[in-house]
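Written below as structure tokens is the structure these notes are about.
Protein chains: 2
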Amino acid sequence: MRILGVDPGLRRTGFGVIESDGVRLRYVASGTIVVPADSDLSARLKVILDNLRQVVRDTSPDFAAVEKVFVNTNPHSTLLLGQARGAALCALADSSLSVHEYTALQIKKSVVGTGRAAKTQVQAMVQHLLALNGAPAADAADALACAICHAHIAPLAERLRDNGVLAASSRRPTRLRGGRFS
Amino acid sequence: MRILGVDPGLRRTGFGVIESDGVRLRYVASGTIVVPADSDLSARLKVILDNLRQVVRDTSPDFAAVEKVFVNTNPHSTLLLGQARGAALCALADSSLSVHEYTALQIKKSVVGTGRAAKTQVQAMVQHLLALNGAPAADAADALACAICHAHIAPLAERLRDNGVLAASSRRPTRLRGGRFS
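In order, the protein sequence lines correspond to chains A and B. In terms of the working numbering, the first sequence opens at residue 1 and continues consecutively. In terms of the working numbering, the second sequence opens at residue 1001 and continues consecutively.
Structure follows, in structure tokens:
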């Protein structure tokens, strides 16, 4: 399976694509979408939306993985991050990708072996696990780490679901409460 | 000009479309996108994205107006609202609409005449200004109020820009810092 990991941010959104056959991991692509700071907000979100859809078209992943956000900054930053994250998730869902979310703890444990790993340790382990010549940039490394986490966790979750330990999720249909249209 | 106002929320996103000829306002449509609570986050954001794009296709607005968020809730709510807002702004930008943002103060002053207006006062004034038979539901009323605010403020801003009092915004092109693609 081919996995796209995303590390959303309003200034810089990292992405990383890997392949996993259940045993080995293979690096496919990674990079950073750098969003110009002087546009208005909707234009900046559109940059994330458009470029991430382009990444999906270029790399054809089967799954997407995004880090769950731990809110520890000020409310203004949280709102901005939320909007960037909303744009990233929209790009993935708009490309009909199934999106999986993992906490920072899950990702660090999965990649480094401990939840207390520093950023540089994550970068070094991503480089090692994917047999890269150099450590990827921070945003791309976080995105690749998220994809690696999915590669490690997804087969296990699949087995638990098959055995009836994890329940399949149910979904209600959408209602659009309309509106008098002229 | 035809204006689409949006009041984004992860559970309920209100929308309202009006027309303005510079003097009179005319009601076109309004409603609420009700998002099912039991889906995963990316599926919920996709509901907002898809339905709001549908509203744009159905009503063909020239401009979009969205309320600027005043952050006064807990960080978790702020993050959820941010993501819903991100999805709404993506839908508008994805439809090539120019998006204008107004503070709650601007909207209330523009619609009711005072920034300290209660929600019910906004609903009553929206009903009055658009000559509706009944008051619209809260989310739709907020969205219509936002559209009315743009109808009132936009011609003034246009005149100020024409007179060189307001500067036109500049935009840098986007850079996509790529990645090594295999």
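C-beta: ideal position from N, C-alpha, C; glycine also.
{"Query": "CB contact below 7 Å: B:Ala1104 versus chain A", "Result": "no"}
{"Query": "Coil, strand or helix - B:Ala1064 by DSSP", "Result": "strand"}
{"Query": "Nearest residue (CA-CA) to B:Ala1117, options B:Gln1127, B:Leu1105, B:His1128", "Result": "B:Leu1105"}
{"Query": "Inter-residue Cα distance where the pair is A:Leu92 and A:Val56", "Result": "8 Å"}
{"Query": "Below-7 Å beta-carbon distance, B:Leu1049 vs any chain A residue", "Result": "yes"}
{"Query": "Chain B contact for A:Leu10 (CB, 7 Å cutoff)", "Result": "no"}
{"Query": "B:Pro1075 at chain A interface by Cβ criterion, 7 Å", "Result": "yes"}
{"Query": "Rounded Cβ spacing between A:Gly22 and A:Gly5 (contact assumed at less than 8 Å)", "Result": "The Cβ separation is near 18 Å, so there is no contact."}
{"Query": "7 Å Cβ cutoff met for B:Ser1096 and B:His1152", "Result": "no"}
{"Query": "Span of the beta strand (DSSP E), counted from its first residue to its last, around A:Thr32", "Result": "25–34"}
{"Query": "The segment 1076–1093 of chain B: positions lying closer than 9 Å to chain A by Cβ", "Result": "His1076, Thr1078, Leu1079, Leu1080, Leu1081, Gly1082, Gln1083, Ala1084, Arg1085, Gly1086, Ala1087, Ala1088, Leu1089, Cys1090, Ala1091, Leu1092, Ala1093"}
{"Query": "Under the three-state DSSP convention, the category A:Asp58 falls into", "Result": "helix"}
{"Query": "Residue of A:Leu10, A:Leu25, A:Ser42, A:Gly164 minimising C-alpha distance to A:Val34", "Result": "A:Leu10"}
{"Query": "Same chain, Cβ closer than 8 Å to B:Gln1123, neighbours up to 5 away in sequence not counted", "Result": "Ala1135, Pro1136, Ala1138, Ala1141"}
{"Query": "Per-residue DSSP class, three states only, for A:Asp94", "Result": "helix"}
{"Query": "Chain A residues whose Cβ lies nearer than 8 Å to that of B:Val1071", "Result": "Pro75, His76, Thr78, Leu79"}
{"Query": "Enclosing beta strand (DSSP E) for A:Leu132 [first to last residue]", "Result": "No beta strand (DSSP E) holds A:Leu132; DSSP gives it neither H nor E."}
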